[in-house]
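Student: This is the structure I want to talk about, given as C-alpha cells.
Number of protein chains: 2
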Amino acid sequence: MLSKAQIKYIQALQHKKYRQKSRQFTAEGDKIVQELLRDGRVLEVYATADWVEEQQVLLAQLPSLRLEVVEPPLLKQLSALTTPNRAMALLDIPPAAAPGPLNGTIALALETIQDPGNMGTIIRIADWFGIPQIICSPDCVDAYNPKTIQATMGSIARVQIIESDIIPFLQQANVASYAATLHGRDITEFDAIKEGILLIGNESRGLSDAVLEHCTYRITIPRLGGAESLNAAVAAGIICGRMLLG
Amino acid sequence: MLSKAQIKYIQALQHKKYRQKSRQFTAEGDKIVQELLRDGRVLEVYATADWVEEQQVLLAQLPSLRLEVVEPPLLKQLSALTTPNRAMALLDIPPAAAPGPLNGTIALALETIQDPGNMGTIIRIADWFGIPQIICSPDCVDAYNPKTIQATMGSIARVQIIESDIIPFLQQANVASYAATLHGRDITEFDAIKEGILLIGNESRGLSDAVLEHCTYRITIPRLGGAESLNAAVAAGIICGRMLLG
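Which chain is which? The protein sequence lines are A and B, in order. Under our numbering, the first residue of the first sequence is numbered 2, with each subsequent residue one higher. Under our numbering, the first residue of the second sequence is numbered 2, with each subsequent residue one higher.
Here it is in C-alpha cells:
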C-alpha cells in the first residue's frame with residue numbers, strides 16, 4: 002500500500018521544481034508504461050488490478066520491479082492528466098549531460114519550445130528517425146512534464162535530452178546546421194544529410210536572430226496555400242522527412 | 002451589452018449538439034480572430050477593450066460587424082478554453098456539401114481522427130499545402146470543436162471540411178489514392194503528385210481494412226529509429242511534404 006508520504010511525493014512530481022530536486026519523473030498511460038517497462042528503466046509501477054492482470058506476462062519478466070496495485074480513485078489522485086490512465090510509472094531522470102559529438106549522426110536543437118505537447122511530439126519524431134540527441138535551450142518547456150511524457154508515447158526512453166545553450170553547442174559541434182525559418186532555401190533543394198544539426202524555434206517567434214547568425218543554412222518548407230505558418234512539431238517532422246530521407 | 006440569453010447561446014456552442022442545431026461556431030484567440038476577420042466571414046466579435054483598441058484599424062474596415070466589448074471575467078465565462086483569450090468570434094458553419102471533383106487538386110481523407118488538436122493541426126497543414134478539401138468520415142471529431150478551431154490557427158476559413166463516408170468518396174472520385182500505413186511502399190519512391198487522395202487513419206488503429214481495400218497505394222514513412230508510430234498530424238505533414246513537393 003502507498004503511504005501518505007509516497008502519494009504526496011508522486012503528486013509533487015507534477016511540478017518541475019520537485020522533479021529537478023528529486024531527479025525523478027512519472028509517466029502515465031497503458032502503452033507508454035508498457036514500452037518503458039520493456040526498456041527496463043522503470044523503478045515503480047502504480048496500476049489498477051485489471052491492468053496488472055492484463056500485463057502479467059510482461060510483469061513476470063521484471064521480478065525486481067516494485068509494483069503497487071491501486072484502486073482507480075487513488076490513481077486518479079496520483080494522475081497529472083485530466084483523463085487518468087490505468088497505469089503509472091516512476092523513473093529516474095537521466096543524469097544531466099553535455100552534448101556529445103555527432104559522429105555521423107543528426108541532432109535536433111530546439112530554441113524556446115513552449116508547448117509540452119509539441120515537445121513530446123518532437124521527441125517521438127526524433128525517435129522515429131533515429132536521432133539520438135535533442136539539445137534544448139534552457140527556456141524550453143521541461144521534457145519531463147507529464148504532458149510531454151504522454152506525447153512522447155514512450156520515446157523519452159530512447160532519445161537523450163540535453164539542456165544547453167544553443168550557440169555554444171553550434172560552435173563546438175562544428176558541423177553544418179539547418180535552421181527552420183519562413184524565408185530560407187527550399188528544403189527540396191537539399192540532398193539527404195547524414196550528419197548535421199536541424200534547428201526548430203519557438204511556436205510564435207521562430208528562431209532568434211542570434212541563433213540564426215550561427216547557422217549554416219536557413220531552410221523553408223515551401224508554402225503552396227494560405228496558412229501563415231505550421232505547427233512547430235509538424236514542421237520538425239516535415240523537415241526530418243526531407244533532410245534525413247532525401 | 003450581451004443579454005443572458007446570448008451568453009447562454011455562446012456557451013452552448015461549446016457542444017457539438019448545439020453547433021449542429023444552430024449551424025454556428027465560435028473561434029477564440031487574438032491571431033485567429035484577426036485572421037478570420039480579414040477573411041470577412043465573422044458575424045460577431047466579443048473582445049476586451051484593449052484588444053478592440055489594438056485592432057481599431059482592422060475593425061474600422063468592417064462597419065457592419067457586430068462588436069461587443071466585454072470585461073475579461075465575462076470573456077472567461079464565454080470561453081471554452083482553459084486559458085481564455087482576449088477575443089472571440091461567432092461564425093456560421095458553411096452549409097454541408099458533397100465532395101467536389103478533384104480537377105487537378107489533392108484531397109485529404111481522414112478516417113476516425115479522434116483528437117481535436119490533431120484535427121485542427123491537419124486542417125492547418127492542408128491550408129499550408131494548398132489542399133482545398135478535407136473529407137472526414139462521420140466518426141471523426143467535429144471540425145468546429147473549440148480546440149480544433151484553435152489548432153487550425155485561422156486555416157478553418159480556407160479549407161473546405163466535408164463529412165462523407167470514405168469508401169463512396171474514393172469510388173466516386175476515381176483517382177489514385179495513397180493510404181498512410183505502417184507497412185506500405187516507401188514514400189520516397191513516389192514522384193510529386195498533382196491530383197489524388199491522401200488518406201490518414203485513426204490515432205491508434207490507423208485506417209480500417211475496408212478502406213485500405215479501396216486504396217490504390219499503401220504508403221509508409223521509412224522508420225530509422227525505435228518509435229512504434231508517429232502522431233497522426235505529423236504523419237499527415239510528412240506525407241504532404243513528400244507527395245506534394247516531390
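The beta-carbon is built from N, C-alpha and C at its ideal position, and this holds for glycine as well. Bear in mind that the values here come from a model prediction, so they are computed numbers and not experimental data.
#1: Between the region 66-85 of chain A and the region 34-54 of chain A, do three or more beta carbon pairs fall short of 8 Å?
#2: Considering only their Cβ atoms, is the gap separating Q35(B) from L59(B) smaller than 8 Å?
#3: Please report how far the alpha carbon of S138(B) lies from the alpha carbon of T153(A), in whole angstroms.
#4: Quick one, which residues of the region 212-232 of chain A are near chain B if we go by CB-CB under 8 Å, in chain order?
#5: If we count the other Cβ atoms within 10 Å of its Cβ and call it buried at 16 or more, is P96(A) buried or exposed?
#6: Mind checking who R67(A) pairs with in its DSSP beta bridge?
#7: Is DSSP giving M89(A) helix, strand or coil here?
#8: Using 8 Å as the threshold, is the C-beta distance between N119(B) and E204(B) below it?
#9: Grab the span of the beta strand (DSSP E) containing F191(A) for me, first residue to last.
#10: Say whether chain A places a C-beta atom closer than 8 Å to the C-beta of G185(B).
#11: Residue range of the alpha helix (DSSP H) that Y218(A) falls in?
#12: For I1(A), tell me which candidate among S80(A), T149(A) and R224(A) has the shortest Cα-Cα distance.
#13: Output the distance between the C-alpha atoms of L14(A) and L82(B), rounded to the nearest integer angstrom.
#14: Assuming E54(A) is part of the alpha helix (DSSP H), what are its boundary residues?
#15: Along the alpha helix (DSSP H) that carries L38(B), what are the first and last residues, could you check?
#16: Taking N232(B) as the reference, which of I123(A), L245(A) and D143(A) has the closest Cα?
#17: Mind listing the chain A neighbours of I168(B)? Cutoff is C-beta to C-beta under 7 Å, in chain order.
#18: Could you work out which residues of chain A lie near G131(B), taking near to mean beta carbons separated by less than 7 Å?
#19: Tell me, which residues are paired with T113(A) by DSSP?
#20: What is the DSSP secondary structure of L103(A), counted as helix, strand or coil?
#21: Is Q62(A) helix, strand or coil by DSSP?
#22: How would you list, in chain order, the residues of chain A whose beta-carbon sits under 7 Å from the beta-carbon of A181(B)?
#23: Return the CA-CA distance between F130(B) and R159(B), expressed in angstroms with no decimal places.
#24: Determine which residues share a DSSP beta bridge with F26(A) and list them.
#25: Three-state secondary structure (DSSP) at I239(B)?
#26: Considering Q161(A), what are the terminal residues of the beta strand (DSSP E) in which it resides?
#27: Grouping DSSP H, G and I as helix and E and B as strand, with all else coil, what is I132(B)?
#28: What distance in whole Å lies between the Cβ atoms of D40(A) and G1(B), which are believed to be in contact at a cut-off of 8 Å?
#29: Can you pull the chain B neighbours of R243(A), defined as C-beta to C-beta under 9 Å?
#30: Is L75(B) helix, strand or coil by DSSP?
#31: Could you list which residues in chain A have their beta carbon closer than 8 Å to that of D128(B), in chain order?
#32: Hey, is A234(B)'s beta-carbon within less than 8 Å of any beta-carbon in chain A?
#33: In whole angstroms, what separates the C-alpha of V142(B) from that of Q115(B)?
#34: Would you mind working out which of C241(B), V43(B), S80(B) and G207(B) sits nearest S65(B), comparing C-alpha positions?
#35: What does R186(A) pair with, by DSSP beta-bridge criteria?
#36: Taking C-beta pairs closer than 8 Å, name the residues in chain A that T189(B) reaches, listed in chain order.
Tutor: According to the structure shown:
#1: yes
#2: yes
#3: 27 Å
#4: I222, P223, R224, L225, G226, G227, A228, E229, S230, L231 and N232
#5: exposed
#6: E45(A)
#7: strand
#8: yes
#9: Segment: none, F191(A) is in no beta strand (DSSP E) and carries neither H nor E.
#10: no
#11: Counting along the chain, Y218(A) falls outside any alpha helix (DSSP H), though it belongs to the beta strand (DSSP E) covering Y218 to T221.
#12: Only positions 2 to 247 of chain A appear in this structure, which leaves residue 1(A) out of reach.
#13: 25 Å
#14: A50 to E55
#15: D31 to D40
#16: I123(A)
#17: Going along chain A, no residue has its Cβ under 7 Å from I168(B), so there is no contact; the nearest lies around 27 Å.
#18: L225 and G226
#19: Beta-bridge pairing links T113(A) to no other residue.
#20: coil
#21: coil
#22: Within 7 Å Cβ-Cβ: nothing; A181(B) doesn't reach chain A, min ~12 Å.
#23: 11 Å
#24: L92(A)
#25: helix
#26: Q161 to E164
#27: coil
#28: This structure gives no information on residue 1(B), because the portion of chain B shown stretches from 2 to 247.
#29: I239, G242, R243 and L246
#30: helix
#31: G226, G227 and A228
#32: yes
#33: 5 Å
#34: V43(B)
#35: I220(A)
#36: L246 and G247
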